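Novice: Chains as they are written, first to last, in my numbering: chain Y, 63 to 216; chain B, 63 to 216. Beta carbons are placed, not taken as given, at the ideal position from N, Cα and C, and that holds for glycine. Since this is a predicted model, take the numbers as computed values, not measurements.
Number of protein chains: 2
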Amino acid sequence: MDILVEDSRENWLEAMDDEELLLMVNARFYEAFENGDLHSLDEVWSHGETVRCVHPGWGTIVGWRSIRKSWESIIANGQSIRFSLRNVVPRIYNDLGVIVLEEEIVFGGDQVPQIVRAVATNLFERSGSEWKMVHHHASPVMLNAGNELSYRFN
Amino acid sequence: MDILVEDSRENWLEAMDDEELLLMVNARFYEAFENGDLHSLDEVWSHGETVRCVHPGWGTIVGWRSIRKSWESIIANGQSIRFSLRNVVPRIYNDLGVIVLEEEIVFGGDQVPQIVRAVATNLFERSGSEWKMVHHHASPVMLNAGNELSYRFN
Chain Y
63 MDILVEDSRE
73 NWLEAMDDEE
83 LLLMVNARFY
93 EAFENGDLHS
103 LDEVWSHGET
113 VRCVHPGWGT
123 IVGWRSIRKS
133 WESIIANGQS
143 IRFSLRNVVP
153 RIYNDLGVIV
163 LEEEIVFGGD
173 QVPQIVRAVA
183 TNLFERSGSE
193 WKMVHHHASP
203 VMLNAGNELS
213 YRFN
Chain B
63 MDILVEDSRE
73 NWLEAMDDEE
83 LLLMVNARFY
93 EAFENGDLHS
103 LDEVWSHGET
113 VRCVHPGWGT
123 IVGWRSIRKS
133 WESIIANGQS
143 IRFSLRNVVP
153 RIYNDLGVIV
163 LEEEIVFGGD
173 QVPQIVRAVA
183 TNLFERSGSE
193 WKMVHHHASP
203 VMLNAGNELS
213 YRFN
């Protein structure tokens with residue numbers, strides 16, 4: 063006889079493997095970004111003083127306080143932004159989760175949309191049963207890989 | 063009575079701690095790049111099919127064969143390039159070493175030198191007693207962090 067037990071959200075989380083949890087947190091990061099949801103970004107990120115964030119074309123921002131301010135200003139800018147994530151590759155090294163991926167970013171909303179491409183390296187540290195983002199490095203793709211002989215970018 | 067034993071290179075390597083070894087391999091990567099030394103790049107990099115490289119402004123190159131070709135073309139370009147590395151921060155998670163840093167890159171040689179800034183996320187996997195590069199993500203710094211309200215980069 064089979065007994066059907068209704069899954070609580072907790073049990074469901076326990077049933078997910080480590081990699082699925084990691085991918086879920088990564089997805090929550092981009093959803094929070096799309097939705098301009100600072101509260102979710104608060105939850106996704108580690109609040110340490112050594113966490114790092116590189117927005118495309120920016121320098122490194124160090125520490126959660128400064129990183130949060132950067133998100134505040136990006137969100138306050140009010141621009142519609144939608145992500146398509148491609149080639150999302152997760153890898154877990156004990157207490158560090160690495161996700162590399164390609165971002166196709168659509169800006170615009172009601173205006174004529176503009177599509178740009180970026181690549182990202184996202185790092186997450188295990189904190190208890192959760193993964194917390196400790197590093198986000200996104201960079202603009204301005205050339206087609208392999209089609210340019212020069213290393214120069216300006 | 064003290065016995066002075068002449069250090070072999072091997073003993074000297076054993077005396078280095080993990081973080082020093084990691085920093086040394088990272089430094090060798092940039093030296094190889096400056097010197098256009100493909101043989102050293104061969105030694106620094108893991109030769110796996112899933113290693114990844116993002117040159118500034120480029121998309122992701124996957125796998126050592128393709129990555130090596132990109133170095134060949136960059137080196138064949140023959141441009142003089144010198145790095146100053148700043149804020150080099152290493153962190154070790156068991157078998158993964160993470161180094162984030164800022165690159166000040168001087169191009170030019172005999173011509174009028176041009177200085178550009180980049181940030182990099184470099185990942186190294188432990189392979190026996192060595193660290194091998196498995197991920198290099200470098201991106202151009204085109205804005206001053208925090209001075210721009212827009213996330214757009216073009």
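At a threshold of 8 Å, does Y/G110 count as lining the ligand SAH (C-beta to nearest heavy atom)?
Specialist: Looking for the ligand SAH in the displayed structure turns up nothing, as the structure carries no ligands at all.
Novice: Take every Cβ of the stretch 185 to 198 of chain B, pair it with every Cβ of the stretch 108 to 116 of chain B, and state whether three or more of those distances are shorter than 8 Å.
Specialist: At 8 Å Cβ cutoff, the stretches touch.
Novice: Helix, strand or coil for B/M86, going by three-state DSSP, please let me know.
Specialist: In the structure shown, B/M86 sits in a helix (DSSP, three-state: H, G or I).
Novice: Can you pull the chain Y neighbours of B/E164, defined as C-beta to C-beta under 8 Å?
Specialist: Neighbours of B/E164 on chain Y, chain order: G121 and T122.
Novice: Classify B/L163: buried if its beta carbon has 16 or more other beta carbons within 10 angstroms, exposed otherwise.
Specialist: Classification of B/L163: buried, given that the 10 Å Cβ count is 16 or more.
Novice: Tell me, to the nearest whole angstrom, how far the beta carbon of B/W120 is from that of Y/V203; I am working on the premise that it is less than 8 Å.
Specialist: 7 Å between Cβ atoms; contact.
Novice: DSSP three-state label for Y/E134, please.
Specialist: It is helical.
Novice: Could you check what DSSP says for Y/E111 in three-state terms: helix, strand or coil?
Specialist: Correct three-state label for Y/E111: coil.
Novice: Skipping 5 residues on each side, what residues in its chain have a beta carbon closer than 6 Å to that of Y/Q176?
Specialist: Hits under 6 Å: F169 and G170.
Novice: Against chain B, with Cβ distances strictly below 9 Å, would Y/P152 count as a contact?
Specialist: Not closer than 9 Å to any Cβ of chain B, the Cβ of Y/P152 fails to qualify, so no.
Novice: Taking 6 Å as the limit between beta carbons, can you name the residues of its chain near Y/P152, skipping five residues before and five after?
Specialist: Cβ neighbours of Y/P152 beyond the five flanking positions: E81, L84, L85 and I161.
Novice: Could you tell me which residues DSSP puts in a beta bridge with B/F169?
Specialist: In DSSP, B/F169 forms a bridge with B/I143 and B/Q176.
Novice: Could you give the C-beta distance for B/F95 and B/I143, rounded to a whole number, given that I count them as a contact under 8 Å?
Specialist: Contact holds; Cβ gap of about 7 Å.
Novice: Whose Cβ in chain Y lies nearer than 8 Å to the Cβ of B/H197?
Specialist: V160, V162 and T183, listed in chain order.
Novice: From which residue to which residue does the alpha helix (DSSP H) around B/V203 run?
Specialist: Segment: none, B/V203 is in no alpha helix (DSSP H) and carries neither H nor E.
Novice: Pick helix, strand or coil for B/N97, following the three-state DSSP scheme.
Specialist: B/N97 falls in the helix class under three-state DSSP.
Novice: Assuming contact is defined by CB atoms lying nearer than 9 Å, are Y/T183 and B/L185 in contact in what I supplied?
Specialist: In contact: Y/T183 and B/L185 (Cβ atoms closer than 9 Å).
Novice: Give the residues of chain B in contact with Y/R156, contact being defined as C-beta atoms less than 7 Å apart.
Specialist: The question names Arg, but residue 156 of chain Y is Asn in the sequence shown. The contacting residues are Y155 and N156.
Novice: If we cut at 9 Å on Cβ distances, does B/P118 have a partner in chain Y?
Specialist: Cβ-Cβ to chain Y under 9 Å: yes for B/P118.
Novice: Rounded to whole angstroms, what is the Cα-Cα separation between B/D104 and B/K131?
Specialist: Rounded to whole angstroms, B/D104 to B/K131 spans 11 Å at the Cα level.
Novice: Measure how close the beta-carbons of B/Y155 and Y/Y92 come, nearest whole angstrom, since I'm counting them as under 8 Å.
Specialist: Actually they are not in contact, since the Cβ atoms of B/Y155 and Y/Y92 sit about 24 Å apart, beyond 8 Å.
Novice: Which of the three DSSP states is assigned to B/W193 in this structure?
Specialist: Here B/W193 sits in strand by DSSP.
Novice: Answer yes or no: does any C-beta atom of chain Y fall closer than 9 Å to that of B/A200?
Specialist: Cβ-Cβ to chain Y under 9 Å: yes for B/A200.
Novice: Report the neighbours of B/V203 on chain Y: residues whose CB is nearer than 8 Å to its CB, in chain order.
Specialist: Correct list: G119, W120 and G121.
Novice: Within the same chain, show all residues whose beta-carbon is closer than 6 Å to that of B/G98, passing over the 5 residues directly before and after it, in chain order.
Specialist: Result list for B/G98: I137, in chain order.
Novice: Hey, does B/G208 have any beta-carbon neighbour from chain Y nearer than 9 Å?
Specialist: Residue placement at B/G208 is flagged as unreliable, the pLDDT there being 46, under the threshold of 50; the coordinate-derived value follows with that caveat. Yes, B/G208 lies at the interface with chain Y (some Cβ there is under 9 Å from its Cβ).
Novice: I'd like to know if B/R114 contacts chain Y, where contact means its C-beta is closer than 9 Å to some C-beta of that chain.
Specialist: Answer yes: the Cβ-Cβ gap between B/R114 and chain Y drops below 9 Å somewhere.
Novice: To which residues does DSSP link Y/L158 through a beta bridge?
Specialist: DSSP lists Y/Y155 and Y/E187 as partners of Y/L158.
Novice: Using only alpha-carbon positions, find the residue among B/L158, B/V178 and B/S191 that is nearest to Y/E187.
Specialist: Looking at the Cα atoms, B/L158 is the closest of the given residues.
Novice: Nearest chain B C-beta to Y/N88 closer than 9 Å, yes or no?
Specialist: So no, Y/N88 is outside the interface.
Novice: Nearest chain Y C-beta to B/N97 closer than 9 Å, yes or no?
Specialist: It does not; no Cβ of chain Y falls within 9 Å.
Novice: Taking C-alpha atoms, which residue in B/N139, B/T122, B/D172 and B/I167 lies nearest to Y/A180?
Specialist: The residue with the shortest Cα to Cα distance from Y/A180 is B/T122.
Novice: Output the distance between the C-alpha atoms of B/W107 and B/R90, rounded to the nearest integer angstrom.
Specialist: Straight-line Cα distance between these residues: approximately 10 Å.
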